[in-house]
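Enquirer: Below is one structure. I have some questions about it.
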Amino acid sequence: MAGDRLTKIRIQGLRSLDDVTLELDGLTVLIGENGSGKSTILEAFELLRKASQRNFLQEVTSIHGGIGALLRLGSAQLTFCVDADGDGGPLRYELTVARDRAWAVILRETLDVGPLLGQVEPLHAIRRTAQRVEIFDQAQGKLVDGPVSSDETTLSLLSAWPNQRAIQRMSQLLSSIDVQLPAETRPLWVCRERKWASPLRESSMIQPAPRLARLGDNLANCFHALKNEYSSDHWTETMELVRLGLGNDIRNVNTISGGAGGAISLALEVRGSPGPITSTALSDGQLAYLAFVAFSRLDTPRSLVGFDEPELHLHPALLMRVLAGLESMAEKVPVVLATHSDRLLDALQHPERSVVLCTLDQERRTELRRPDAAKLASWLARYRGLGELRAEGYADLVMKEPS
Ligand SMILES: Nc1ncnc2c1ncn2[C@@H]1O[C@H](COP(=O)(O)OP(=O)(O)OP(=O)(O)O)[C@@H](O)[C@H]1O
Ligand SMILES: [Mg+2]
């Protein structure tokens, strides 16, 4: 539905996240020592995306290592709670997963709408316990028994049902969560030595590319789409962005067909170079930047962007381009970064609003702390930015108590 946006996420019982709540508004930059829980917050976003898709519990096992690996040591259950808002009223989705021997079970799942104008209580769109699934039936105006599947979330089962507007809205929001990691640019010789595939550098089958695949695997297909499926003005702007980062001597980004059966790969046409520079020959940073250009120029529907350590491979000047891109993306959709880069912190437009410091308490639980705007302003009279403050060991002094 138009105007729907995710506003808040609470995670309980996931690894170091005993109970954390993150407000989603514009750009959020997670900082903190190794092991303080930043990547776990991003993995929680991905788990929420999977909760809107079929086979949730199977993927918890096969991809996320199973409920035993996810559950915080000593916790009996894992809960995600997501708030959203939009023209159709506020929504709250809550999902609790627990361990049943080695397997995961859905213990509770609820979706509430409202309260809308004139109502005191929210309406329940889904009420699920371990024993029973109920969903709101619009014709009858009450909860009725819903479909039961021990493996699937009710949200994923009902996202295509008619007259289930709240379910469709939340499902759409969660399925549009996009968690990115820096492009996987390992040198080809290392991949060959280890017998690993290198989809970013080698040719890949021509395929539609509505989004940049994680690790940039489909980069050539993304540029093929940007060149052929968007307007020529859009392509001109894409090339401007490429040149801003990689230099004015880049004439073009081409996709060249290679081998049999419609495989393509990426090649840069560069002034002064006797031939195209193929993706096998591009540097790690050049590829990582091209992947960021594809990520930001494709018209992918997104409700939330998570990006773990975008600084990897990037020269500071390129990192500034990427940060500018992420800041402008954050004007439309919440963007959550995790970073160790002081440069990135120094360059933030609004560190007082963006930065969240993750620390572990005495029981190794993640706590989240935001800057005290007044304290930060007074320190920044003498320091370049929060990055320099952190490098000098003073970041803690400008943070409020954990929220
Ligand atoms: N089952 C568990 N129960 C409790 N804590 C756990 C469990 N599994 C992992 N941890 C801890 O959770 C934390 C997870 O850290 P995470 O990977 O999110 O850190 P990070 O802030 O991204 O660190 P880095 O900067 O090194 O990438 C670690 O401290 C780890 O020891
Ligand atoms: Mg991490």
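When the letters of the sequence shown are read in order and numbered with my numbering, they come out as residues 627 to 1029. Heads up, the beta-carbon is just placed ideally off N, CA and C, and yes, glycines get one too.
#1: Mind listing, in chain order, the continuous beta strand (DSSP E) runs of no fewer than 3 residues lying wholly within the region 827-884?
#2: In or out: G740 buried (at least 16 other Cβ within 10 Å) or exposed?
#3: Closer than 7 Å by C-beta to E953: which residues in its own chain qualify, once you throw out the five before and the five after it? Chain order, please.
#4: Please indicate yes or no: does the CB of K664 lie closer than 7 Å to some heavy atom of ligand 2?
#5: Give a single yes or no on whether L697 has its beta carbon closer than 7 Å to a heavy atom of ligand 1.
#6: Specify the secondary structure class of A950 as computed by DSSP and reduced to three states.
#7: Taking L640 as the reference, give the member of W815, G694, A956, D651 with the closest Cα.
#8: To which residues does DSSP link R631 through a beta bridge?
#9: Alpha carbons only, please: which of P1028, L949, L930 is nearest the one belonging to A710?
#10: How about R928 and S802: do their beta carbons lie closer than 8 Å?
#11: For S857, count neighbouring Cβ atoms within 10 angstroms of its own Cβ and tell me buried if that reaches 16, exposed if not.
#12: Is G744 buried or exposed, if buried means 16 or more other CB atoms sit within 10 Å of its CB?
#13: Alpha carbons only, please: which of A1000, Q679, L814 is nearest the one belonging to R979?
#14: Quick test of the definition: if touching needs 3 or more C-beta pairs under 8 Å, does the region 899-916 touch the region 811-828?
#15: Checking 8 Å against the spacing of the C-beta atoms, do R675 and L800 come in under that value?
#16: F706 and Q1093 - do their beta-carbons sit closer together than 8 Å?
#17: When DSSP builds the beta bridges, which residues end up paired with V759?
#18: Taking the straight line between their C-alpha atoms, what separation do you get for R758 and A724?
#19: Per DSSP, what kind of secondary structure is E819 in: helix, strand or coil?
#20: Quick one: residues in its chain with C-beta nearer than 8 Å to the C-beta of H860, no 5 flanking neighbours on either side, listed in chain order?
#21: Please identify the residue among Q638, G629, D630, T633 whose C-alpha is closest to the C-alpha of R991.
#22: Could you check what DSSP says for I997 in three-state terms: helix, strand or coil?
#23: Look at T985 and S662 and say whether their C-beta atoms are less than 8 Å apart.
#24: In chain order, what residues of the same chain have a beta carbon less than 7 Å from the beta carbon of E659, not counting five sequence neighbours either side?
#25: Per DSSP, what kind of secondary structure is S980 in: helix, strand or coil?
#26: Grouping DSSP H, G and I as helix and E and B as strand, with all else coil, what is D777?
#27: Beta-carbon within less than 8 Å of L814's beta-carbon, same chain only, minus the 5 sequence neighbours each way: which residues are those?
#28: Rounded to whole angstroms, what's the CA-CA distance from N789 to S678? Just pull it up for me.
#29: For R718, which of helix, strand or coil comes out of DSSP?
#30: Between the alpha carbons of P808 and G871, how many angstroms are there, rounded?
#31: Check each candidate in D645, I635, I657, L643 and name the one with the smallest Cα separation from E937.
#32: For S642, name the three-state secondary structure that DSSP assigns.
#33: So what's R1008 in DSSP terms, helix, strand or just coil?
#34: Under the DSSP definition of a beta bridge, which residues are partnered with G932?
#35: Once DSSP output is grouped into helix, strand and coil, what is the label at V1024?
#36: Taking the alpha-carbon positions, what's the L648 to F762 distance?
Expert: If we stick to the structure as given:
#1: 876-883
#2: Along the sequence shown, read from residue 1 onward, the residue named residue 740 stands at position 114. Burial call: buried.
#3: Residue numbering aside, residue 953 sits at position 327 when the sequence shown is read from its first letter. The answer, listed in chain order, is L653, Q975.
#4: Residue 664 sits at position 38 when you count from the first residue of the sequence shown. For ligand 2, at least one heavy atom lies less than 7 Å from the Cβ of K664.
#5: For the purposes of this step, residue 697 is taken as the residue at position 71 of the sequence shown. The answer is yes for L697.
#6: The residue given as residue 950 occupies position 324 in the sequence shown. Three-state result, A950: helix.
#7: Numbered from its first residue, the sequence shown carries residue 640 at position 14. It is G694.
#8: Position 5 of the sequence shown, counting from 1, holds the residue named residue 631. Paired residues: D711.
#9: Reading the sequence shown from its first residue, position 84 is the one you call residue 710. Nearest option by C-alpha distance: L930.
#10: The residue given as residue 928 occupies position 302 in the sequence shown. The residue given as residue 802 occupies position 176 in the sequence shown. Yes, they are a contact pair.
#11: In the sequence shown, counting from the first residue as 1, residue 857 sits at position 231. The residue in question, S857, is exposed, as its Cβ has fewer than 16 Cβ neighbours within 10 Å.
#12: Taking the sequence shown and counting its residues from 1, one reaches residue 744 at position 118. Classification for G744: exposed.
#13: Position 353 of the sequence shown, counted from the first residue, corresponds to residue 979. The shortest Cα separation from R979 among A1000, Q679, L814 belongs to A1000.
#14: yes
#15: Here residue 675 is taken as the residue at index 49 of the sequence shown, counted from 1. Here residue 800 is taken as the residue at index 174 of the sequence shown, counted from 1. Cβ distance < 8 Å, so R675 and L800 count as in contact.
#16: There is simply no residue 1093 to check, as the chain begins at 627 and stops at 1029 in what is shown.
#17: Taking the sequence shown and counting its residues from 1, the one referred to as residue 759 is at position 133. Bridge partners of V759: R754.
#18: Within the sequence shown, numbered from 1, the residue matching residue 758 stands at position 132. Within the sequence shown, numbered from 1, the residue matching residue 724 stands at position 98. Computed Cα separation, rounded: 16 Å.
#19: Translated into positions along the sequence shown, residue 819 becomes position 193. Of the three classes helix, strand and coil, the one that applies to E819 here is helix, per DSSP.
#20: Translated into positions along the sequence shown, residue 860 becomes position 234. Closer than 8 Å at Cβ, skipping near neighbours: L852, R923.
#21: Position 365 of the sequence shown holds residue 991. Minimum Cα distance to R991 is reached at Q638.
#22: Translated into positions along the sequence shown, residue 997 becomes position 371. The amino acid at residue 997 is misidentified as Ile; the sequence shows Pro. Three-state DSSP puts P997 in a strand.
#23: Translated into positions along the sequence shown, residue 985 becomes position 359. Translated into positions along the sequence shown, residue 662 becomes position 36. Yes, these two residues count as a Cβ contact at 8 Å.
#24: Along the sequence shown, one-based indexing puts residue 659 at 33. So no residue of the chain qualifies.
#25: Counting from one through the sequence shown, the residue named residue 980 turns up at place 354. Helix, per DSSP.
#26: Position 151 of the sequence shown, counted from the first residue, corresponds to residue 777. Three-state result, D777: coil.
#27: Locating residue 814 in the sequence shown gives position 188, where the first residue counts as 1. Excluding residues within five positions, the ones whose Cβ falls inside 8 Å are S824, R827, E828, T906.
#28: Position 163 of the sequence shown, counted from the start, is the residue given in the question as residue 789. Position 52 of the sequence shown, counted from the start, is the residue given in the question as residue 678. N789 and S678: Cα-Cα distance of roughly 18 Å.
#29: Counting from one through the sequence shown, the residue named residue 718 turns up at place 92. It is a strand residue.
#30: Residue numbering aside, residue 808 sits at position 182 when the sequence shown is read from its first letter. Residue numbering aside, residue 871 sits at position 245 when the sequence shown is read from its first letter. Approximately 16 Å, taken between the alpha carbons.
#31: Here residue 937 is taken as the residue at index 311 of the sequence shown, counted from 1. Minimum Cα distance to E937 is reached at I657.
#32: The residue given as residue 642 occupies position 16 in the sequence shown. Coil at S642, not helix or strand.
#33: Within the sequence shown, residue 1008 is the residue found at index 382, counting from 1. Coil, per DSSP.
#34: Counting from 1 along the sequence shown, the entry for residue 932 is found at position 306. G932 pairs with V805, V962.
#35: Your numbering for residue 1024 matches position 398 in the sequence shown. If DSSP states are grouped into helix, strand and coil, V1024 belongs with the helices.
#36: In the sequence shown, counting from the first residue as 1, residue 648 sits at position 22. In the sequence shown, counting from the first residue as 1, residue 762 sits at position 136. Rounded to whole angstroms, L648 to F762 spans 29 Å at the Cα level.
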